Every structure is written in structure tokens, then in C-alpha cells.
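Top to bottom, those sequences are chains A and B. Going by our numbering, the first sequence opens with residue 595, and the numbers climb by one from there. Going by our numbering, the second sequence opens with residue 173, and the numbers climb by one from there.
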Amino acid sequence: MSLKVVNRKSPEGNMSVDLRTTLGSLLLPTPVLTASGCAGSGKELSAFFDLSEIGAIVTKSIMQNPRSGRATPRMAETPSGMLNSIGLQGPGVEKFMNEDVPWLAQTGARIIVSIAGNSVEDFARTAARVRRAGDVVSAIEVNISCPNVSNRGLVFACDPISASEVIRAVRRSVGGLFPIFAKLSPDVTDIVSVAKSCVDAGATGLAMINTLLGLVIDTKTMRPKVAGITGGLSGPAIRPVGVRAVWQVHAALPKVPIIGMGGIMSGADAFEYILAGASAVSIGTATFHDPTAALRIQNELSNLLAERGFTALKEAIAYGHRAADEEVGQ
Amino acid sequence: MATASSPLQVRGEVISLKRVGEYYQMAIAAPGIAERAKPGQFVALAVGGEPTSMLLRRAFSIYAADERGVFGGTIEIVFARQGIGTKWLSQLPSHSSVDIVGPLGNPFPIPASPLKTLLIGGGYGSAPLFSLAEVLRTRGCRVEMFLGAATGERLFGIVEGRRAASQLTLVTEDGSVGLRGRVTDHLDELMTRTQTELIYACGPMGMLQAISVFAKERSVPAQCLVEEEMACGIGVCMTCVLPIRGDDGVIRMTRTCVAGPSFDGDTILWEEIGSIPSGTLGAEDLG
Ligand SMILES: Cc1cc2nc3c(=O)[nH]c(=O)nc-3n(C[C@H](O)[C@H](O)[C@H](O)COP(=O)(O)OP(=O)(O)OC[C@H]3O[C@@H](n4cnc5c(N)ncnc54)[C@H](O)[C@@H]3O)c2cc1C
Ligand SMILES: Cc1cc2nc3c(=O)[nH]c(=O)nc-3n(C[C@H](O)[C@H](O)[C@H](O)COP(=O)(O)O)c2cc1C
Ligand code: FES
């Protein structure tokens with residue numbers, strides 16, 4: 595590959611770069627997705643851009659039953675980030691599949707449904723309901739950053755065994771080759787071991803990172819700022835943690851597709867994740883700052899790939915891992 | 173999907189910024205937004221420049237919208253300097269560019285028949301009421317306005333209120349301007365005198381709660397424009413919720429940015445804000 599400088603920066607993105615990506619059996623026209631919980635079910639964002647133009651919409655994690663979420667206040671702004679404690683508010687999988695998914699499907703968007711649960715059985719049942727919709731749903735992302743009620747509330751994602759139990763149950767309930775992605779938490783000592791146990795249990799690929807556990811104290815009220823006391827930290831403040839996680843997991847499991855996320859605000863940020871080994875990226879908190887972030891980032895990424903001399907996204911995936919003597923132009 | 177009333181994201185330009193008492197009044201050329209804006213809607217401004225360490229947009233009620241400003245469609249906001257975001261805004265030089273999303277939320281509902289209305293504003297909460305008054309008057313409603321604040325410096329819109337309402341009453345806690353006390357201390361008398369049939373209120377949550385309770389006792393509906401912390405302003409994050417009873421009697425944690433920001437005060441479970449009221453849809457399942 596040669597390092598040619600291409601000066602065709604257009605706001606629409608560089609048409610000459612092939613952005614297609616594959617995540618197991620899932621083929622996507624572009625690698626840019628929304629992050630779960632940061633795009634609802636797509637409806638509100640559709641006022642700002644055509645949802646079918648990006649790779650896929652990853653919907654807010656859905657549980658079996660309706661859920662109120664936590665009390666307010668639910669957020670605190672932090673330097674280059676935010677803390678949230680939403681508590682997985684949602685309508686329950688039945689209403690979601692009957693109302694939200696059909697609406698999203700008619701926009702032509704590809705749909706990745708994120709599921710959550712309080713127990714292994716919850717995950718399995720919710721996954722089965724999602725799968726019943728057939729090909730309307732392209733893949734399932736399994737949000738295992740939830741407390742396991744039958745294990746002292748310990749988060750599934752923080753224990754390789756609990757994590758693999760969930761993934762095994764979801765695999766069994768969706769069957770065959772349907773793409774499922776385990777969403778990993780960075781709040782672990784060894785993310786690679788959790789990643790491996792999820793893949794061994796049947797995950798097609800991995801999504802990372804979820805938010806980091808944080809706490810903000812309001813110095814006026816002298817109490818925790820959010821009602822849930824702790825919350826999940828997101829935004830550019832966590833980007834290096836996400837890039838590190840993707841790098842380590844890709845190095846250990848080079849064949850496993852990764853959806854990278856955490857603090858992506860620009861095409862260059864997305865490119866960092868691609869270079870670290872991600873085959874796709876999700877845009878979360880950036881959407882709160884800029885409702886068109888996902889589409890803008892996709893165009894910026896396309897231009898940047900062209901500028902660096904890539905003709906296809908696939909050539910750039912994990913390019914950051916090349917050996918020191920393996921340079922461009924060789 | 174985008175429709176003629178969908179919010180837009182535009183690069184606006186600060187046309188003017190001036191101090192008004194304790195507040196700041198900012199006019200922003202925001203083509204497209206001004207044309208679509210209706211009373212009760214708000215805009216969300218990105219703060220801190222690009223790139224910024226302050227990721228979340230700041231929400232402000234639209235005080236005025238002029239489709240045919242000298243610089244094209246212009247909107248105006250009135251804001252108090254609270255934290256780092258509003259401090260940044262208060263120091264913006266004219267002609268600065270600001271990233272603005274709007275109009276967001278639903279307009280105030282307008283009654284189908286001409287009613288005797290009372291518009292109550294606390295502090296900068298009066299901002300969205302002047303354009304509302306205009307619309308109400310064109311529909312044949314009688315418009316009384318009642319503005320309250322801690323001090324005279326924190327009353328906003330005395331001149332505008334005189335113009336917009338058939339009668340304007342002022343109240344300050346320190347008694348420096350108008351009556352002494354709080355809005356609710358004088359509400360009984362005012363409602364009796366004006367034979368209020370419908371209230372619109374905007375201001376601190378405590379004031380809205382007191383007005384709601386009071387109005388309910390007299391069977392007068394009170395439409396309250398609430399202010400809950402918002403991360404996105406467009407309906408995708410679920411931070412801005414309040415416990416609200418729906419028409420079906422079910423309590424839901426309801427997004428104030430897209431379902432509001434104004435609600436019939438009687439549907440809000442004021443006492444339970446900051447908790448999940450028992451019986452709320454999905455409360456049992458909170459593992
Ligand atoms: C629908 C609506 C209309 C509003 N209209 C006005 C208005 O006309 N004039 C005015 O002065 N203020 C208005 N506010 C409040 C205004 O949004 C906050 O004062 C402002 O966001 C504070 O920002 P800051 O950076 O100064 O404070 P910080 O405390 O630094 O803000 C930190 C974060 O908390 C959020 N936040 C803090 N306080 C509030 C609050 N009261 N409401 C919503 N978000 C908050 C901010 O958006 C930001 O994300 C309105 C709020 C809402 C929800
Ligand atoms: C308000 C909010 C809600 C979220 N809800 C979910 C969720 O329901 N399921 C999930 O897997 N991740 C959820 N996340 C995590 C994001 O999907 C993402 O992993 C994380 O925020 C890091 O990406 P970002 O920095 O781009 O936001 C949420 C994040 C935020 C900020
Ligand atoms: S502020 Fe994000 S949903 Fe209302």
C-alpha cells in the first residue's frame with residue numbers, strides 16, 4: 595500500500611473509500627453504529643439524519659419487563675465526560691418489539707438490539723423474544739454490565755464465569771450463527787479473560803467498552819450528585835481506556851470482531867479504535883453534544899482513511915499492530 | 173423522520189448580548205429555528221467552543237423569535253449565570269458562532285375557547301411567557317401576568333409584561349419592587365380578583381409545585397413549564413424524567429424534554445420527585 599495524500603475532502607465523506615465491514619456473518623455498509631442507550635430506538639435522531647446512512651442503530655438495552663429506571667438526578671457533567679445513572683429505563687421487550695423495532699425497520703436502518711437482564715434466564719428469554727422477529731433484527735448485543743440478582747448483585751461482566759453463562763444461554767436461545775456480541779465492562783483486572791470466556795461460550799464478537807464506574811460529589815449539597823450514588827462515566831475522558839481494551843483483546847483474539855467505543859467524538863477518534871483492532875465503532879455521548887455526530891464521524895473517518903492512503907476500511911483494521919519494520923509502502 | 177416542525181441544528185451567530193438586572197439577554201441569528209419556534213419551546217446550546225470539555229448542551233426557553241430579523245431568523249434567550257456553561261455564554265463576544273439545536277419540546281397548549289388566563293413567572297421563568305401572552309390575546313383570551321423573584325434585580329420583563337398583559341402584578345421577597353413576599357402569598361387574592369380560569373407557570377420547581385397544589389384546590393388547571401436536568405434535550409438519554417401520571421392513570425418516569433417541557437401540574441407527582449413513586453410502571457422490576 596502506498597501513502598498517497600488524497601485531497602478530496604468533502605463533507606459527504608470520501609466516496610472512493612470502501613467502508614464495508616463484517617462482524618461475523620453480519621455485513622454492514624459502514625462501520626459506524628450508535629452506542630446503546632445514546633440513541634433511544636432511533637426515532638428522535640431520525641429528525642437529524644437518515645438512519646440508514648450509518649452502519650446500524652444499536653438500541654437502548656431492553657429487559658424482559660417494563661422498568662422505571664432510577665430516581666433523579668440521573669446525571670452529572672464531568673470534565674470531557676459525564677456520569678449517568680439511568681438504571682435501564684425501558685418499556686419491556688414485548689412493547690419494544692411490537693412498536694419500536696417495526697418503526698425503526700421501516701426507516702431502512704439496520705438494527706442491533708441490545709438486551710439486559712437480572713438473571714441468566716432473563717437474558718435468555720429476552721433474546722428469544724428478539725429472535726422471534728426474524729431478520730428484522732441484524733444482531734443482538736448483550737449488555738452484561740448488569741447486576742446479577744442471584745449472585746449478590748455482582749455485575750455479570752466482572753466475572754468470566756457469570757459472563758459466559760449469560761452468553762451461553764443467549765446463544766442457545768437464538769441458535770445457530772445469529773450474530774451476538776458480548777458488551778464488556780472495563781472495570782475488571784483482566785478484560786482479556788472475560789473476552790475469551792464470552793467467545794468460548796458462543797459470542798460472535800465483542801463490544802467494548804461500557805462505562806466506567808464513577809462518583810461525583812456535589813460540594814454545595816455535600817452529597818453524591820446522582821441519586822444512584824455511583825454512575826457510569828462516558829465521553830472522551832475514557833477514550834484511552836477503551837482504545838487500550840480493544841488493543842489488548844484484539845492482540846489476544848485477532849480473529850474475533852470487535853465493536854469499539856468510548857469517547858469517540860471525531861473521525862480521528864474512530865480511526866484510533868480501528869487501528870487498535872475494532873471492525874466497527876459505536877458513537878455514544880457524542881450524540882448528546884451533536885445529534886448528527888454519528889454521520890459526521892462516518893464522513894470524517896472516510897476522509898481520513900483516504901488521506902492515509904487506504905482504499906478500504908478493512909485494510910486499516912488493526913493496522914496499529916503492525917510490526918515496527920512493516921511500514922506503509924511495503 | 174424530519175418534518176416541518178422537527179428541530180434543526182444550526183450554526184447561529186450572536187447578534188447581541190446585554191445584561192438585564194441579574195440576567196443576560198442574548199439574541200442569536202438562527203435561521204430556520206426562529207421560523208419554527210412556538211411559545212413554550214426551548215433551544216439547546218453547545219458551550220465552550222470546539223472542541224469543548226463541556227459535552228452537554230444547555231437548555232434555554234425561547235424568549236422571543238423573530239422570523240424577519242435584520243440578520244434573518246433570530247431567537248432570543250434570557251439566562252442566569254449559574255455554572256461554567258452559562259458563565260462561558262455570558263462572556264461571548266458579538267458575532268461569535270454558537271451551535272444551537274431547536275426548537276425542542278412541545279409548545280404550550282392553547283385553549284380552544286377564550287379564557288381568563290394568569291401567566292406566572294418566577295425569576296427568568298418569565299422568559300417564555302411574553303410570546304405566549306401574544307398568542308393567547310390573538311385567541312381572545314384575557315391575559316393577566318404575575319412576576320415574582322427574590323429581588324427586583326431578578327425580576328425579568330417588567331416592560332414587556334406591561335405591554336403583553338392587560339394587567340401586570342409584581343412581587344419580590346425583599347419588597348424592593350411591587351408586593352412583598354412570594355408569588356403564592358398573593359395567589360389567592362389575584363385569582364379571585366381576575367377570576368382565573370387557566371394558569372401558565374414557569375419558574376423554580378418549588379414555586380410550580382405550590383402553584384399546582386393551590387390551583388388544584390380551586391379546580392383551575394395549571395400548565396407548568398418544568399426544568400429538570402437534561403443531558404441531550406432531544407429524547408435519547410433518559411436523564412430528564414419526572415414521575416407523571418398519564419391519561420390512563422399509570423405513573424411513568426416521563427421524559428420532560430420530549431413529552432414536555434410543560435405539563436398539567438396536576439399530573440406531576442411533585443412530592444415524589446427524586447424518588448420512584450410506588451406503583452410507577454416498572455418500579456417493581458428495579459433489580
Ligand atoms: C426546558 C428548560 C428551559 C430552561 N430555560 C432557562 C432559561 O430560560 N434561562 C435560564 O437561565 N435557564 C434555563 N434553564 C436552566 C439552564 O438549562 C441551566 O441553568 C443551565 O443548563 C446551567 O448550565 P451551567 O453550565 O451554568 O451549570 P452547570 O451546573 O455547570 O451545568 C452542568 C450540567 O447540568 C445541567 N443543568 C444544570 N442545571 C440545570 C437546570 N436547572 N436545568 C437543566 N439542566 C441543568 C447543564 O445542562 C449541564 O449539563 C432551562 C432548563 C430547562 C430544562
Ligand atoms: C446516558 C447513557 C445511557 C447508556 N445506556 C446504556 C445501555 O442501556 N446499555 C449499554 O450497553 N450501554 C449503555 N451506555 C453505555 C454506552 O453504550 C457506551 O458503552 C459508553 O457510554 C461509552 O461510549 P461513549 O463514551 O461514546 O458514550 C449508556 C451510556 C450513557 C451515557
Ligand atoms: S434530556 Fe435526554 S431524554 Fe430528555
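Even for Gly, the Cβ is constructed at its ideal location relative to N, Cα and C. Owing to the predicted nature of the structure, the values given are computational and were not obtained by experimental measurement.
One question on the structure: do residue i and residue j come within less than 8 Å of each other, judged by their Cβ atoms?
| i | j | result |
| --- | --- | --- |
| G350 of chain B | L342 of chain B | yes |
| I755 of chain A | A776 of chain A | no |
| G799 of chain A | V850 of chain A | yes |
| E248 of chain B | Q213 of chain B | no |
| S384 of chain B | D419 of chain B | no |
| M669 of chain A | A403 of chain B | yes |
| L290 of chain B | M363 of chain B | yes |
| G808 of chain A | G796 of chain A | no |
| M425 of chain B | G663 of chain A | yes |
| A751 of chain A | S779 of chain A | yes |
| L617 of chain A | A870 of chain A | no |
| V182 of chain B | L639 of chain A | no |
| T805 of chain A | A633 of chain A | no |
| P223 of chain B | M859 of chain A | yes |
| F318 of chain B | V192 of chain B | no |
| A629 of chain A | M855 of chain A | yes |
| T366 of chain B | K288 of chain B | yes |
| G451 of chain B | C374 of chain B | no |
| V843 of chain A | E866 of chain A | no |
| R326 of chain B | G297 of chain B | no |
| Y195 of chain B | F302 of chain B | no |
Among the candidates the options, whose CA atom is the shortest distance from the CA of residue i?
| i | options | result |
| --- | --- | --- |
| V695 of chain A | A:H844, A:T886 and A:S635 | A:S635 |
| P286 of chain B | B:L362, B:P449, B:C313 and B:A382 | B:C313 |
| F717 of chain A | A:G728, A:A703 and A:N742 | A:N742 |
| L620 of chain A | A:E866, A:A845, A:P773 and A:P885 | A:P773 |
| P300 of chain B | B:M377, B:I406, B:R354 and B:F251 | B:F251 |
| V315 of chain B | B:A199, B:G294, B:R334 and B:A322 | B:R334 |
| D784 of chain A | A:I656, A:A846, A:L677 and A:D794 | A:A846 |
| T886 of chain A | A:L645, A:A721, A:G769 and A:T615 | A:L645 |
| E369 of chain B | B:F386, B:P393, B:S348 and B:G347 | B:P393 |
| C412 of chain B | B:T323, B:E401 and B:A431 | B:E401 |
| F280 of chain B | B:R240, B:S233, B:K259 and B:G220 | B:S233 |
| E185 of chain B | B:A199, B:G353 and B:C374 | B:A199 |
| G353 of chain B | B:G320, B:G378, B:T258 and B:Q381 | B:G320 |
| G914 of chain A | A:G769, A:I868 and A:Q700 | A:I868 |
Grab me the residues of residue i's own chain with a C-beta within less than 6 Å of its C-beta, minus the 5 sequence neighbours each way, in chain order.
| i | result |
| --- | --- |
| V707 of chain A | T653, V724, V731 and I734 |
| I448 of chain B | A455 |
| W697 of chain A | none |
| S178 of chain B | none |
| R704 of chain A | A650 and S732 |
| V599 of chain A | With a pLDDT of only 40 at V599 of chain A, under the threshold of 50, the placement of this residue in the model should not be trusted, and no figure is reported. |
| K814 of chain A | none |
| A387 of chain B | I371 and A394 |
| G459 of chain B | With a pLDDT of 46 at G459 of chain B, under the threshold of 50, the predicted position of this residue should be treated as unreliable, though the coordinate-derived value follows. Hits under 6 Å: none found. |
Whose C-beta lies closer than 8 Å to the C-beta of residue i among residues of the same chain, with five residues either side of it excluded?
| i | result |
| --- | --- |
| L180 of chain B | G204, I205, R208, V273 and G274 |
| G675 of chain A | L827, S828, G829, P830, A831, I832, G857 and T879 |
Return the chain-ordered list of same chain residues with a C-beta closer than 7 Å to the C-beta of residue i, the five sequence neighbours on each side being excluded.
| i | result |
| --- | --- |
| S604 of chain A | Any reading at S604 of chain A must be qualified, since the residue scores a pLDDT of 49, below 50, and its modelled position is unreliable; the value itself is stated next. Counting only Cβ-Cβ distances below 7 Å, and skipping sequence neighbours, we find nothing. |
| P667 of chain A | K819, V820 and A821 |
| G405 of chain B | A216, R229, A231, V273, L276 and C429 |
| F435 of chain B | C396, V398 and I416 |
| V998 of chain A | Past the boundaries of the shown model lies residue 998 of chain A; chain A is included only from 595 to 924, so the question cannot be answered. |
| L771 of chain A | S619 |
Tell me, to the nearest whole angstrom, how far the beta carbon of residue i is from that of residue j; I am working on the premise that it is less than 8 Å.
| i | j | result |
| --- | --- | --- |
| G244 of chain B | A201 of chain B | 6 Å |
| I832 of chain A | G857 of chain A | 5 Å |
| I803 of chain A | V835 of chain A | 6 Å |
| A284 of chain B | H883 of chain A | In fact, because the Cβ distance is near 40 Å, the residues do not count as touching under 8 Å. |
| V307 of chain B | P433 of chain B | With 8 Å as the limit, V307 of chain B and P433 of chain B do not qualify as a contact, their Cβ atoms being about 17 Å apart. |
In the DSSP output, what is residue i paired with across the bridge?
| i | result |
| --- | --- |
| C461 of chain B | Past the boundaries of the shown model lies residue 461 of chain B; chain B is included only from 173 to 459, so the question cannot be answered. |
| E316 of chain B | B:L290 and B:Q339 |
| N678 of chain A | A:M669 and A:G826 |
| L613 of chain A | The partner list for L613 of chain A (beta bridge, DSSP) is empty, contrary to what the question assumes. |
| A699 of chain A | A699 of chain A pairs with nothing; no bridge assigned. |
| L351 of chain B | B:V343 |
| N737 of chain A | A:K777 |
| Y195 of chain B | B:V192 and B:A252 |
| K818 of chain A | Checking the sequence shown, residue 818 of chain A turns out to be Pro, not Lys. In the DSSP output, where bridge partners are listed per residue, P818 of chain A has A:I811. |
Contact residues within the region 661-682 of chain A, judged by C-beta distance below 8 Å to chain D: In the structure shown, chain D cannot be found, because the protein chains are A and B.
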